[in-house]
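J.:
Number of protein chains: 2
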Amino acid sequence: MTIRDELAHLTLDLCNIPSETCHEAQIASWVQQRCAAAAGPHAVTRLGNSVLCEPFGRDERPGQPVIALVGHIDTVKCAEDQPYEIRDGRVYGCGASDMKAGVAVMLALLDRWRELENARPVWIFYDGEEGPAEGNGLGPVLDSGALPVIDFAFILEPTDRGVQPGCMGLIHATVTIPGVRAHSARPWQGQNAIYAAIPFLEKLRDWGRREVRFGDLSFYEVIVATAAATHNSRNVVPDALDLNVNFRFAPGNTAENAEAELRALAGPECTVTVTDSAPAGDVYADHPLIAEWIRREALPVLPKQAWTDVARFTTAGIPAVNFGPGETGQAHQAGEWASIDSLEHCYGALRRWFAQ
Amino acid sequence: MTIRDELAHLTLDLCNIPSETCHEAQIASWVQQRCAAAAGPHAVTRLGNSVLCEPFGRDERPGQPVIALVGHIDTVKCAEDQPYEIRDGRVYGCGASDMKAGVAVMLALLDRWRELENARPVWIFYDGEEGPAEGNGLGPVLDSGALPVIDFAFILEPTDRGVQPGCMGLIHATVTIPGVRAHSARPWQGQNAIYAAIPFLEKLRDWGRREVRFGDLSFYEVIVATAAATHNSRNVVPDALDLNVNFRFAPGNTAENAEAELRALAGPECTVTVTDSAPAGDVYADHPLIAEWIRREALPVLPKQAWTDVARFTTAGIPAVNFGPGETGQAHQAGEWASIDSLEHCYGALRRWFAQ
């Protein structure tokens with residue numbers, strides 16, 4: 001069996017195990033057994049529905065970097081008419097690109113762990129990535145104390161055969177614009193909060209996007225009103241308009257700075273309440289462990305204009321990038337697929353990383 | 001017992017009968033018995049929980065105008081600590097001003113129906129006024145065929161000892177401003193419906209109020225955004241903003257005209273869906289049956305800058321005005337009261353109307 005066939009069938013096997021977020025017990029057990037078969041039961045740690053595999057002893061390969069290969073095992077809810085098959089150079093299945101293909105590459109590398117040179121790799125399979133942030137299994141894994149000190153992490157999310165370093169941070173905030181209540185038949189006795197919001201909405205509209213450069217990479221900071229809501233009955237001039245404002249800030253910026261900037265933009269009349277917050281991921285495109293490899297493999301390097309778990313690693317002080325098989329545009333699609341070319345490309349590039 | 005005492009005790013008796021909207025059976029039966037005792041059972045018609053009383057035969061007093069005295073018998077939900085007593089020149093009770101005081105004046109006049117000259121009065125007590133429009137008992141009464149042809153109607157809602165002719169009409173419409181959906185991390189790929197609404201919101205803000213004069217009366221047409229809502233998740237640039245827009249139009253204008261004006265204001269990009277509609281009430285302040293009486297009684301005449309059941313009469317071709325005891329500012333208040341002065345004033349003015 002060629003490596004292409006092996007990777008394709010492994011991806012399809014993984015797709016055939018239902019693993020919607022909050023229902024990962026079955027796939028976690030499957031992955032756990034696969035890890036134990038490859039590296040021995042003593043190498044495997046299960047934390048809830050997350051699985052760690054560390055085949056090398058901690059005193060083996062002294063001086064070599066500890067490299068984490070990281071993937072989530074859950075998927076979003078699957079489409080009803082999702083095909084499951086290998087056809088026309090693609091693996092079809094729910095989660096094929098996001099990110100059963102990445103998990104398949106990780107398992108194929110684990111099957112050959114003794115052949116991976118010049119590093120001491122560890123494998124992290126975690127649950128809950130597609131659900132709300134508080135249910136994400138990676139945080140507890142990083143906090144568990146079960147891992148060795150990691151020098152670099154590859155997150156095998158789909159990256160269209162490129163490297164995507166860093167990621168945006170975000171805050172969500174409720175900005176409340178006040179008004180003065182009145183009967184809607186006598187609006188001149190009040191002040192309409194919806195109209196009072198116009199100057200702030202104009203500022204947001206005109207804010208545009210702000211480029212933040214890291215070497216050749218451009219991240220774009222944006223600040224967007226994504227929801228509007230009033231809470232009065234319909235025959236009343238509203239005394240408050242709530243806007244959800246989403247600030248996406250670039251690596252190097254912080255949630256605190258973003259909040260301060262939003263407060264300045266909203267002005268003292270408005271109430272600003274931050275409801276969610278996630279840090280940006282630091283940019284490690286030119287990290288010494290990968291810079292030469294990126295050049296040699298001629299990998300396109302693209303900024304991650306969204307939030308990913310890269311931020312969890314870099315916030316914990318661990319350099320990390322997104323690099324995985326599959327197609328970003330296929331993530332969460334009905335009829336999702338991953339190309340076998342991308343599987344082979346990612347597997348080959350990582351094999352060569354360990355051989356460098 | 002003076003007429004002041006009689007009116008005050010009658011108002012308190014009416015307040016002591018629970019009659020929240022949808023629970024009017026008890027008070028309807030009480031009013032029905034009161035009518036039958038005053039005018040004989042043959043004079044009384046019960047329609048659901050509405051009661052009609054027509055003591056004069058239809059061939060009596062030929063050539064005299066048929067005058068309706070009109071009041072609703074229900075109240076809003078009562079406050080828990082509402083006092084029920086006569087104290088300091090006031091009657092305290094749930095619904096005292098809105099409008100048990102008016103019903104008391106109606107019943108006191110009915111007790112003396114033989115003494116009422118120069119007209120053929122009928123009494124209309126109806127249910128469901130404080131609930132949604134579709135439950136209002138006056139519509140079925142007017143449609144029932146049980147009434148004679150009415151020449152003029154006094155609605156005894158509280159009017160602060162003045163006459164309030166006409167009333168505003170209204171439409172509510174949902175105006176949907178379209179946008180183009182995008183991920184909130186890449187808003188430049190979409191078009192934000194909230195920002196797209198700014199020009200329309202500016203038009204509404206600047207619309208101000210439009211005076212419509214009837215003789216000395218000024219009504220003010222207004223068009224107000226009273227609610228804003230989006231329906232996307234918070235990490236998405238919204239592709240639609242729904243505004244509830246309330247247009248209050250003056251007597252002489254129509255819901256159709258108001259809708260056309262709103263559509264022109266919103267422009268062709270927006271979707272306008274009318275969700276509620278009520279006609280304006282015509283203005284009869286200088287009607288020959290009341291013009292001289294208003295002058296002689298020196299009654300202040302004020303436009304009704306809201307909707308009332310006057311519109312149901314004038315839409316049915318029956319001239320009508322609001323004129324009743326009680327205080328408009330007390331309607332729906334906790335601790336509601338009606339002043340005995342206002343009861344005596346209204347009763348006296350209507351007695352003199354029948355004597356003119």
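In order, the protein sequences belong to chains E and G. Residues in the first sequence are numbered consecutively from 1, following full-length UniProt numbering. Residues in the second sequence are numbered consecutively from 1, following full-length UniProt numbering. Backbone N, C-alpha and C fix where the C-beta goes; we use that ideal spot for every residue, glycine too.
From the DSSP output, which residues share a beta bridge with residue 355 of chain G?
T.: Residue 355 of chain G pairs with nothing; no bridge assigned.
J.: List, in order along the chain, the chain E residues whose C-beta lies closer than 8 angstroms to that of residue 187 of chain G?
T.: Ordered by position in chain E, the residues that pass the 8 angstroms Cβ test against residue 187 of chain G are 209, 222, 224.
J.: Please confirm if residue 244 of chain G has its CB atom under 8 angstroms from at least one CB of chain E.
T.: Cβ-Cβ to chain E under 8 angstroms: yes for residue 244 of chain G.
J.: Take residue 243 of chain E as the anchor and find which of E/276, E/197, E/164 has the nearest alpha-carbon.
T.: It is E/197.
J.: In terms of residues, what are the limits of the alpha helix (DSSP H) holding residue 35 of chain E?
T.: Segment 25-39, the alpha helix (DSSP H) holding residue 35 of chain E.
J.: Within 8 angstroms (strictly less), CB to CB, does residue 236 of chain E reach chain G?
T.: Yes, residue 236 of chain E lies at the interface with chain G (some Cβ there is under 8 angstroms from its Cβ).
J.: Taking only beta-carbon positions, decide if residue 305 of chain G is within less than 8 angstroms of chain E.
T.: Yes, its Cβ sits closer than 8 angstroms to a Cβ of chain E.
J.: Could you give the distance in angstroms between the alpha-carbon of residue 119 of chain E and the alpha-carbon of residue 289 of chain E?
T.: Spanning the two alpha carbons is a distance of roughly 11 angstroms.
J.: Report, in whole angstroms, the separation of the C-beta atoms of residue 322 of chain E and residue 164 of chain E, which I expect to be a contact under 8 angstroms.
T.: With a Cβ gap of about 4 angstroms, residue 322 of chain E and residue 164 of chain E count as contacting.
J.: Under a CB-based cut-off of 8 angstroms, is residue 198 of chain E close to chain G?
T.: For residue 198 of chain E, the answer is yes, since a Cβ of chain G falls inside 8 angstroms of its Cβ.
J.: Is the Cβ-Cβ distance between residue 140 of chain G and residue 54 of chain G less than 8 angstroms?
T.: Taking 8 angstroms as the Cβ cut-off, residue 140 of chain G and residue 54 of chain G do not qualify as a contacting pair.
J.: To the nearest angstrom, how far is the alpha carbon of residue 176 of chain G from that of residue 15 of chain G?
T.: Spanning the two alpha carbons is a distance of roughly 45 angstroms.
J.: Scan the stretch 156-180 of chain G for residues whose Cβ lies nearer than 9 angstroms to a Cβ of chain E and list them as they occur along the chain.
T.: Hits within the stretch, in order: 168, 170, 172.
J.: Identify the continuous alpha helix (DSSP H) that holds residue 313 of chain G and give its terminal residues.
T.: Start and end: 310-315.
J.: In terms of residues, what are the limits of the beta strand (DSSP E) holding residue 67 of chain E?
T.: Residues 66-72.
J.: If contacts are defined as beta-carbon pairs under 8 angstroms, then residue 145 of chain E and residue 49 of chain E qualify, I think. What distance do you get, rounded to the angstrom?
T.: Between residue 49 of chain E and residue 145 of chain E the Cβ distance is about 18 angstroms, and since that is not below 8 angstroms, they are no contact.
J.: List the DSSP bridge partners of residue 154 of chain G.
T.: Note: residue 154 of chain G sits in a beta bridge opposite G/69, G/321.
J.: Go ahead and pull the three-state DSSP assignment for residue 11 of chain E.
T.: Helix, per DSSP.
J.: Roughly how many angstroms separate the alpha carbons of residue 109 of chain E and residue 293 of chain E, rounded to a whole number?
T.: Between residue 109 of chain E and residue 293 of chain E, the C-alpha separation is close to 18 angstroms.
J.: Do the CB positions of residue 300 of chain E and residue 169 of chain E come within less than 8 angstroms of each other?
T.: No, Cβ-Cβ distance for residue 300 of chain E and residue 169 of chain E is not below 8 angstroms.
J.: For residue 354 of chain G versus residue 266 of chain G, is the C-beta spacing smaller than 8 angstroms?
T.: Cβ atoms of residue 354 of chain G and residue 266 of chain G: not closer than 8 angstroms.
J.: In or out: residue 84 of chain G buried (at least 16 other Cβ within 10 Å) or exposed?
T.: Exposed, since its Cβ has fewer than 16 Cβ neighbours within 10 Å.
J.: At what residues does the beta strand (DSSP E) containing residue 244 of chain G begin and finish?
T.: Note, residue 244 of chain G: beta strand (DSSP E), 240-249.
J.: Secondary structure at residue 220 of chain E, three-state DSSP: helix, strand or coil?
T.: Strand at residue 220 of chain E.
J.: Identify whether residue 102 of chain E lies in helix, strand or coil by the three-state DSSP scheme.
T.: In the structure shown, residue 102 of chain E sits in a helix (DSSP, three-state: H, G or I).
J.: Please classify residue 265 of chain E: does DSSP put it in a helix, a strand, or coil?
T.: Reduced to three states, the DSSP call for residue 265 of chain E is helix.
J.: So, are the CB atoms of residue 22 of chain E and residue 123 of chain E less than 8 angstroms apart?
T.: Not a contact, by the Cβ cut-off of 8 angstroms.
J.: Can a CB atom of chain E be found closer than 8 angstroms to the CB of residue 230 of chain G?
T.: Yes, contact with chain E.
J.: Which residues share a DSSP beta bridge with residue 277 of chain G?
T.: Per DSSP, G/171.
J.: Can you give me the C-alpha to C-alpha distance between residue 97 of chain G and residue 129 of chain G, rounded to a whole angstrom?
T.: Looking at the two C-alpha atoms, the distance is approximately 14 angstroms.
J.: Measure the C-alpha to C-alpha separation of residue 235 of chain E and residue 245 of chain G and round it to an integer number of angstroms.
T.: Residue 235 of chain E and residue 245 of chain G: Cα-Cα distance of roughly 9 angstroms.
J.: Could you give the distance in angstroms between the alpha-carbon of residue 284 of chain G and the alpha-carbon of residue 183 of chain E?
T.: Taking the straight line from one Cα to the other gives about 25 angstroms.
J.: Since residue 195 of chain G and residue 209 of chain G are thought to touch, with beta carbons under 8 angstroms apart, how far apart are those beta carbons, to the nearest angstrom?
T.: Between residue 209 of chain G and residue 195 of chain G the Cβ distance is about 27 angstroms, and since that is not below 8 angstroms, they are no contact.
J.: Let's see if you can read the secondary structure: which residues bound the beta strand (DSSP E) around residue 56 of chain E?
T.: Premise fails: residue 56 of chain E is in no beta strand (DSSP E) and is neither H nor E.
J.: In terms of residues, what are the limits of the alpha helix (DSSP H) holding residue 290 of chain G?
T.: No alpha helix (DSSP H) holds residue 290 of chain G; DSSP gives it neither H nor E.
J.: Compute the beta-carbon to beta-carbon distance between residue 125 of chain G and residue 71 of chain G, rounded to the nearest angstrom, for a pair I have assumed lies under 8 angstroms.
T.: Going by Cβ atoms, the distance from residue 125 of chain G to residue 71 of chain G rounds to 6 angstroms, so yes, they are a contact pair.
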